[in-house]
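*Asks:* Numbered per my numbering, the sequence shown spans residues 152 to 359. Note that CB positions come from ideal geometry on N, CA and C, so glycine has one too.
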Amino acid sequence: MIDWEITAKLILAFVGIVSVAKVVAEILAGKKANLREEYKFARDFINDIEEKEVDSKSLHPFLIGKGYQAIAGTAVIKSSEIEYMLSLEDPVQCLRDYIFARKIFENLNVKGDFKLIYKNRYRKRFARITVKSWYFVLYVVFASLAISPWIIAHYASLTVTETLMSMLLSLPIFGLYSFWSLRAGYRIKTAEELFNRQKKHTQRIVIV
């Protein structure tokens with residue numbers, strides 16, 4: 152005897168899985184298209200700069216600034232900072248890391264060759280280790296609180312419904328704080344990796 156209720160649920164689940172897979176595929180395809188567009192823009196922009204240098208001319212500073220910001224995909228950092236990141240080894244990763252971890256460094260206002268400088272509270276290695284450890288402790292505490300209803304359900308004799316209702320409250324609240332804590336600690340780790348990576352340049356930087 153066919154259980155039509157179970158069959159209907161299975162069909163709905165299958166449709167849901169197919170729909171999600173389709174959305175994921177479209178997102179991945181969109182990312183590939185965006186990467187191709189980014190490559191074309193970066194190639195044309197760099198070619199424009201190089202052609203102007205050969206002709207002993209220069210692009211207008213406004214165009215240079217907008218070009219670098221378009222490459223970075225953000226307007227929150229200066230073109231001089233972007234240009235510096237592009238001079239380092241593995242420039243794509245360096246630029247991505249700097250956008251994420253720039254709050255750890257002083258503002259790059261120096262012209263010519265310059266390097267990343269930690270903000271005062273991060274300059275000592277011990278201070279960075281302490282802050283990272285503190286964020287990790289916060290992450291563990293908040294993550295534990297996020298799943299605490301599931302942990303204590305057995306000892307508190309909670310029903311499945313009560314546990315799920317409690318999780319619906321604890322997961323969004325404490326889960327968000329645990330994510331923020333983990334992200335803050337990872338930002339410092341990323342900044343340290345970027346700081347060490349700046350030792351190698353692909354060319355001398357001249358800021359216009």
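If you drop the 5 nearest sequence neighbours on each side, which residues of the same chain put their C-beta closer than 7 Å to that of Gly218?
*Replies:* Locating residue 218 in the sequence shown gives position 67, counting from the first residue. Result list for Gly218: Phe196, in chain order.
*Asks:* In three-state terms, what does DSSP make of Leu239?
*Replies:* Residue numbering aside, residue 239 sits at position 88 when the sequence shown is read from its first letter. It is a strand residue.
*Asks:* Note down the Cα distance separating Gly216 from Phe192, rounded to an integer number of angstroms.
*Replies:* As a first step, residue 216 must be located in the sequence shown, where it is residue number 65. As a first step, residue 192 must be located in the sequence shown, where it is residue number 41. Straight-line Cα distance between these residues: approximately 14 Å.
*Asks:* Going along the chain, which residues of its own chain have a beta-carbon closer than 7 Å to the beta-carbon of Arg279, five neighbours each way excluded?
*Replies:* Counting from 1 along the sequence shown, the entry for residue 279 is found at position 128. Once the five neighbours on either side are set aside, the close Cβ partners of Arg279 are Tyr273, Ile339 and Glu343.
*Asks:* Can you tell which of Val291, Val243 and Ser238 has the C-alpha that lies nearest to the C-alpha of Leu267?
*Replies:* Here residue 267 refers to the residue found at position 116 of the sequence shown. Relative to the Cα of Leu267, the nearest Cα in the group Val291, Val243 and Ser238 belongs to Ser238.
*Asks:* Below 8 Å CB to CB, which residues in the same chain sit around Phe251 once its five sequence neighbours on both sides are set aside?
*Replies:* In the sequence shown, counting from the first residue as 1, residue 251 sits at position 100. Closer than 8 Å at the Cβ level, and outside the excluded window around Phe251, lie Arg338 and Thr341.
*Asks:* If Glu240 sits next to Arg348, beta carbons under 8 Å apart, how far is it from one beta carbon to the other, in whole angstroms?
*Replies:* Taking the sequence shown and counting its residues from 1, one reaches residue 240 at position 89. Taking the sequence shown and counting its residues from 1, one reaches residue 348 at position 197. Yes, they are in contact, since the Cβ atoms of Glu240 and Arg348 sit about 6 Å apart, within 8 Å.
*Asks:* Which residues in the same chain as Ser230 place their Cβ atom closer than 7 Å to its Cβ, once the five residues preceding and following it in sequence are excluded?
*Replies:* Locating residue 230 in the sequence shown gives position 79, where the first residue counts as 1. Excluding sequence neighbours, Ser230 sits near Ile215, Gly216, Tyr219 and Gln220.
*Asks:* Is Ser332 buried or exposed, if buried means 16 or more other CB atoms sit within 10 Å of its CB?
*Replies:* Locating residue 332 in the sequence shown gives position 181, counting from the first residue. By the 10 Å Cβ count, Ser332 comes out buried.
*Asks:* Whole angstroms is fine: what's the gap from Ser317's alpha carbon to Phe293's?
*Replies:* Taking the sequence shown and counting its residues from 1, one reaches residue 317 at position 166. Taking the sequence shown and counting its residues from 1, one reaches residue 293 at position 142. Distance between the alpha carbons of Ser317 and Phe293: 15 Å.
*Asks:* Can you look up Tyr306 in the DSSP assignment and give me helix, strand or coil?
*Replies:* By 1-based counting over the sequence shown, the position of residue 306 is 155. In this structure, Tyr306 counts as coil in the three-state DSSP scheme.
*Asks:* Could you tell me the distance, in whole angstroms, from the CA atom of Ser284 to the CA atom of Asp199?
*Replies:* Position 133 of the sequence shown, counting from 1, holds the residue named residue 284. Position 48 of the sequence shown, counting from 1, holds the residue named residue 199. Distance between the alpha carbons of Ser284 and Asp199 is about 46 Å.
*Asks:* For Pro300, which residues from the same chain have a beta carbon less than 6 Å from its beta carbon, with the 5 sequence-adjacent residues on both sides left out?
*Replies:* Taking the first residue of the sequence shown as 1, we reach residue 300 at position 149. Excluding positions up to five away in sequence, the list reads Thr314, Ser317, Met318 and Ser321.
*Asks:* Find out if the Cβ-Cβ distance for the pair Gly326, Ala304 is shorter than 7 Å.
*Replies:* Counted from its first residue, the sequence shown places residue 326 at position 175. Counted from its first residue, the sequence shown places residue 304 at position 153. Contact: no.
*Asks:* Does the Cβ of Ile222 have 16 or more other Cβ atoms within 10 Å, making it buried, or fewer, making it exposed?
*Replies:* The sequence position of residue 222 within the sequence shown is 71, counting from 1. Buried, by the Cβ-count rule.
*Asks:* Taking the alpha-carbon positions, what's the Val291 to Tyr306 distance?
*Replies:* Here residue 291 is taken as the residue at index 140 of the sequence shown, counted from 1. Here residue 306 is taken as the residue at index 155 of the sequence shown, counted from 1. Cα-Cα distance, rounded: 21 Å.
*Asks:* Output the boundary residues of the alpha helix (DSSP H) element that contains Glu343.
*Replies:* Locating residue 343 in the sequence shown gives position 192, where the first residue counts as 1. Element bounds for Glu343: Val311 to Arg348.
*Asks:* Leaving aside the five residues before and after Cys245 along the sequence, list all residues of the same chain whose C-beta is less than 7 Å from its C-beta, in chain order.
*Replies:* Position 94 of the sequence shown holds residue 245. Result list for Cys245: Met236, Leu239, Leu345 and Arg348, in chain order.
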